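Heads up, the thing below is written out as structure tokens.
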Ligand SMILES: Nc1ncnc2c1ncn2[C@@H]1O[C@H](COP(=O)(O)OP(=O)(O)OP(=O)(O)O)[C@@H](O)[C@H]1O
Ligand SMILES: Nc1ncnc2c1ncn2[C@@H]1O[C@H](COP(=O)(O)OP(=O)(O)OP(=O)(O)O)[C@@H](O)[C@H]1O
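Chains as they are written, first to last, in the numbering used here: chain Z, 2 to 230; chain D, 2 to 230.
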């Protein structure tokens with residue numbers, strides 16, 4: 002069973018600790034603020050109040066036995082650095098820290114911390130992409146300007162068959178799969194439930210409410226969306 | 002040309018404003034802290050100090066002309082709510098707000114704000130997934146327990162051909178594409194550059210350093226990784 006420690010129980014640390022615990026991992030949640038410890042103690046294996054800049058306090062919790070430790074402290078960057086240094090001194094197998102900007106990231110990398118996260122920065126970039134291209138609901142960037150995207154069905158191709166739309170011949174795009182809503186009875190009430198419709202075929206008709214999962218070059222996907230707006 | 006306003010220039014708001022500006026959008030960056038306005042003013046079209054809870058101040062900036070406005074204020078939730086209410090009163094086409102937790106999200110949705118983001122929460126869940134399954138570098142969740150994943154090549158299949166690995170027959174997984182490093186000369190120096198290797202074929206050999214992009218059910222992908230650890 003995986004053992005993880007999360008240091009810092011703000012919004013970020015809390016969501017990591019809770020998600021890990023929900024998925025069955027053994028979680029040690031740490032914060033120097035007793036209220037944050039209290040708020041999580043029923044949902045994780047162990048919740049402890051301690052100051053992560055105190056290496057003895059960390060050692061007393063057997064933090065060396067952890068598979069990985071996340072330092073999710075936010076505002077106090079000095080505390081992030083000292084906590085990271087303590088964890089390295091205790092030979093923790095895997096240390097993941099938070100950074101608010103490029104300078105902080107640079108310092109952590111120089112210290113040898115290889116996994117650095119900037120939650121607000123990463124989501125900020127994704128949000129900007131979604132603002133610029135609202136029909137792209139999510140995307141996975143790939144090399145050579147390729148990307149996998151999840152897009153709402155452009156109006157111009159709704160109710161047409163895949164053969165008629167000719168993604169590959171006209172746009173050089175490949176369809177991976179389609180997400181579609183089906184009305185089902187859940188708890189006695191009709192509910193819209195989303196499903197994957199398996200391997201799409203030439204005669205598959207695209208509904209206006211479908212979500213298409215595609216792979217292609219950024220500019221080809223952009224062109225496909227704009228031509229069919 | 003797209004016009005966006007970003008209210009609140011903490012780490013989150015800053016990365017949204019800067020990414021939008023880098024991609025050519027016209028950005029109005031707003032904060033009630035003059036230092037934050039100063040720090041960004043050379044990188045966006047307009048940077049203005051004002052209090053977003055003051056509807057007259059927002060109106061004076063012609064914020065009604067924006068395609069979308071993002072409220073990226075963090076700690077002060079009351080300010081987020083008042084700013085959102087102001088933007089709705091000014092009939093802004095698209096309002097995106099930040100929320101720190103489920104209760105805040107619920108209140109914003111009850112107000113009719115349809116796009117609510119929790120950057121720390123979203124990344125927290127992704128981080129937890131990456132801790133639980135370290136060979137999964139990134140993933141796109143889909144309905145019916147399917148997912149698209151980016152994984153490092155499991156040792157057990159390195160240097161084998163796709164035909165020999167038989168992803169579909171043995172594991173019910175489909176390969177979307179492969180990311181591979183190639184040595185190229187950049188600025189006169191040999192550099193590892195990552196490329197997509199197009200449509201993988203039956204005789205394609207998988208290198209130990211390849212990154213595989215796959216689609217399949219979560220449990221089948223987990224089994225594939227564990228059998229070939
Ligand atoms: N030295 C320390 N030892 C242990 N916990 C700490 C230490 N310093 C700060 N923390 C805790 O880290 C948590 C997160 O830090 P903080 O609230 O400063 O960041 P934040 O940016 O608001 O976080 P988030 O964005 O995750 O809500 C807080 O609960 C705080 O009590
Ligand atoms: N009423 C307001 N009008 C305009 N800007 C505001 C208002 N209230 C707060 N802000 C600004 O919003 C920005 C982000 O808020 P804050 O620093 O409280 O959140 P944060 O959680 O630290 O943000 P981040 O995680 O993005 O760094 C700050 O720069 C702050 O000056």
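Note that the Cβ used here is the ideal one computed from N, Cα and C, for glycine as well.
On a predicted model such as this, the values are computed, not experimentally measured, just so you know.
Distance, residue j Cα to residue i Cα
i, j, result
"residue 131/Z", "residue 62/Z", "43 Å"
"residue 78/D", "residue 168/D", "49 Å"
"residue 205/Z", "residue 184/D", "42 Å"
"residue 124/D", "residue 156/Z", "32 Å"
"residue 6/D", "residue 82/D", "17 Å"
"residue 228/D", "residue 165/D", "15 Å"
"residue 118/Z", "residue 160/Z", "42 Å"
"residue 58/D", "residue 50/D", "10 Å"
"residue 248/Z", "residue 197/Z", "Not covered by the structure: residue 248/Z. The range shown for chain Z is 2 to 230."
"residue 214/D", "residue 152/D", "7 Å"
"residue 107/D", "residue 108/Z", "38 Å"
"residue 41/D", "residue 60/Z", "43 Å"
"residue 53/D", "residue 30/D", "11 Å"
"residue 94/Z", "residue 8/Z", "16 Å"
"residue 28/D", "residue 80/D", "21 Å"
"residue 39/Z", "residue 127/D", "24 Å"
"residue 90/Z", "residue 110/Z", "16 Å"
"residue 102/Z", "residue 86/Z", "19 Å"
For residue i, the nearest candidate out of the options (CA to CA)
i, options, result
"residue 230/Z", "216/Z, 140/Z and 136/Z", "136/Z"
"residue 170/D", "129/D, 221/D and 160/D", "221/D"
"residue 66/Z", "37/Z, 3/Z, 12/Z and 226/Z", "3/Z"
"residue 225/D", "186/D, 175/D and 195/D", "175/D"
"residue 150/Z", "212/Z, 190/Z and 103/Z", "212/Z"
"residue 37/Z", "152/Z, 214/Z and 10/Z", "10/Z"
"residue 223/D", "30/D, 140/D, 201/D and 25/D", "140/D"
"residue 69/D", "54/Z, 8/Z and 129/Z", "129/Z"
"residue 162/D", "207/D, 197/D and 144/D", "207/D"
"residue 193/Z", "158/D, 87/D, 144/D and 189/D", "144/D"
"residue 104/Z", "60/D, 12/D and 54/D", "12/D"
"residue 88/D", "142/D, 34/D and 64/D", "64/D"
"residue 23/D", "90/D, 80/D and 43/D", "43/D"
"residue 55/Z", "48/Z, 84/Z, 102/Z and 158/Z", "84/Z"
"residue 219/D", "142/D, 138/D and 154/D", "142/D"
Buried/exposed call for residue i, threshold 16 Cβ in 10 Å
i, result
"residue 147/D", "buried"
"residue 172/D", "buried"
"residue 217/D", "buried"
"residue 134/D", "buried"
"residue 32/Z", "buried"
"residue 203/D", "exposed"
"residue 187/D", "exposed"
"residue 92/Z", "exposed"
"residue 45/Z", "buried"
"residue 200/D", "exposed"
"residue 25/Z", "exposed"
"residue 14/Z", "buried"
Per-residue DSSP class, three states only, for residue i
i, result
"residue 136/D", "coil"
"residue 16/D", "helix"
"residue 224/Z", "helix"
"residue 149/D", "strand"
"residue 69/D", "strand"
"residue 76/Z", "coil"
"residue 200/D", "coil"
"residue 120/D", "helix"
"residue 29/D", "strand"
"residue 174/D", "coil"
"residue 243/Z", "The question about residue 243/Z has no answer, for chain Z in this structure spans 2 to 230."
"residue 161/Z", "coil"
"residue 214/Z", "strand"
"residue 166/Z", "helix"
"residue 50/D", "strand"
"residue 103/D", "helix"
"residue 179/Z", "strand"
"residue 1/D", "This structure cannot settle anything about residue 1/D, because the visible part of chain D is limited to 2 through 230."
"residue 187/Z", "strand"
"residue 91/D", "coil"
"residue 127/Z", "helix"
"residue 207/D", "coil"
"residue 38/D", "helix"
"residue 143/D", "coil"
"residue 81/D", "helix"
**Prompt:** Between the segment 173–183 of chain Z and the segment 14–32 of chain D, do three or more beta carbon pairs fall short of 8 Å?
**Reply:** No: fewer than three Cβ pairs fall under 8 Å.
**Prompt:** For the 8 Å Cβ check, are there 3 or more pairs between the segment 70–84 of chain Z and the segment 94–103 of chain Z?
**Reply:** Taking 8 Å as the limit for Cβ pairs, the verdict is that the segment 94–103 of chain Z does touch the segment 70–84 of chain Z.
**Asked** Counting Cβ pairs, one atom from each stretch, are 3 or more of them under 8 Å apart for the segment 115–124 of chain Z and the segment 102–116 of chain D?
**Response** Cβ pair count under 8 Å is below three, so no.
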